[in-house]
Amino acid sequence: MDIAAPTLLTAADPAPVRILNPDSPSPLLLVCDHAGKAVPAALRGLGVPPAELDRHIGWDIGAAAVTEGLVNRLNACAILSVYSRLVVDCNRWPDSPTLMPAISDGTPVPANQDMSETARTLRMEALYQPYHDAITAQCRQMQAQRRIPVLISIHSFTPQMNGFQRPWHVGVLWNRDGRLALPMLDALRAEGDLTVGDNEPYSARTGTDFTIIHHGEEVGSPVLMLEIRQDLIADKAGAEGWADRLARLLPPLLDRL
């Protein structure tokens, strides 16, 4: 299912949101804030070389493939963004200075510099709001069916940042709600072949992450944010392997909630 938006986008542009398996009976709701790297035609590639959109600054490499793999294995619902995080970062608060970054990991983004309020509003209405409205609607549907949504946000991270080689294979990010995060930390560490980060390489306690806090913690739903290193899921085999692993680990943890 695709959700269309009436502004900014043309008929040639993809819809801003993908919803997979919306009628799932599972309490699990997967979200992927940085699943895609599309740019509206009207924004002319944001003024950056196309190769930059393929990098980690443009999207979370492999995250969509892992999410789709989990949908197939767990019969879960998933909601995925379609447009590049450089157009608008769907995991940022509406007033965040990094919502539409002028520079990302050293790469200038000309279309994001000296933006007017009208231009910002068009992106929010066409891309950001439909994504979060879809999550809200799916949560309400699940609640109406007497299912408490269990929100899991799938991300990926670049193996190197600012000259630092990140040693983690996967990170478990959480803020105040450890109901799912702490058991997942234990389960991943028990695998024996992983270096697992607790709020690494990023921390969910900085206040920058919007999705798990707004759609999860603020309404009392169990939440978990996973960051998988991109070189491990950049190809089909890697993404399938991680989907297999998470599909094996998650059901026992959900049963304990």
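Count the sequence shown with the numbering used here and you get residues 214 to 470, in order. In this text, a Cβ means the ideal position worked out from N, Cα and C, and glycines have one as well.
(request) Under 7 angstroms Cβ to Cβ from residue 357, same chain only, skipping five residues before and after it: list those, please. (result) none
(request) Could you give the DSSP three-state label for residue 314: helix, strand or coil? (result) coil
(request) Would you grab the beta carbon distance between residue 466 and residue 400 for me? Rounded to a whole angstrom, and I think it's under 8 angstroms. (result) 6 angstroms
(message) As a quick exercise: from 439, 450 and 447, pick the residue whose alpha carbon is nearest that of residue 462.
(response) 439
(message) Can you look up residue 438 in the DSSP assignment and give me helix, strand or coil?
(response) strand
(message) Taking the alpha-carbon of residue 425 as reference, which of 237, 245, 221 and 225 has the nearest alpha-carbon?
(response) 245
(request) Compare the beta carbon distance of residue 315 and residue 304 with 8 angstroms and say whether it is the shorter of the two. (result) no
(request) With DSSP collapsed to three states, give me the class of residue 352. (result) helix
(request) Starting from the C-beta of residue 250, find all residues in its chain whose C-beta is less than 6 angstroms away, skip the five residues before and the five after it, and write them out in chain order. (result) 266, 271, 272 and 297
(request) Between the Cα of residue 255 and those of 241, 227 and 277, spot the shortest distance and give me the residue it belongs to. (result) 227
(message) Using the three-state DSSP reduction, which class does residue 415 fall into: helix, strand or coil?
(response) coil
(message) Taking the alpha-carbon of residue 239 as reference, which of 295, 286, 248 and 277 has the nearest alpha-carbon?
(response) 286
(message) Looking at residue 437: is its Cβ nearer than 8 angstroms to the Cβ of residue 387?
(response) yes
(request) Using only alpha-carbon positions, find the residue among 330, 327, 319 and 367 that is nearest to residue 284. (result) 367
(request) Please look up how many angstroms separate the CB atoms of residue 294 and residue 344, rounded, as I've assumed it's under 8 angstroms. (result) 5 angstroms
(request) Work out the CA separation of residue 302 and residue 318 for me, nearest whole Å. (result) 14 angstroms
(message) Please report the straight-line C-alpha distance between residue 427 and residue 223, rounded to a whole angstrom.
(response) 30 angstroms
(request) List in chain order: all unbroken alpha helix (DSSP H) runs of 4+ residues lying wholly within the region 223–300. (result) 263–267 and 276–287
(request) Inspect the beta-carbon positions of residue 241 and residue 339 and report whether they are closer than 8 angstroms. (result) no
(request) Starting from the Cα of residue 259, find the closest Cα among 276, 414, 234 and 332 and give me that residue. (result) 332
(message) Since residue 292 and residue 232 should fall inside the 8 angstroms C-beta cutoff, what is the C-beta to C-beta distance between them, to a whole number of angstroms?
(response) 5 angstroms
(message) According to DSSP, simplified to helix, strand and coil, what is residue 331?
(response) helix
(request) Give me the Cα-Cα distance between residue 384 and residue 431, rounded to the nearest whole angstrom. (result) 22 angstroms
(message) Just verifying my parser: in three-state terms, what is the DSSP assignment at residue 365?
(response) strand
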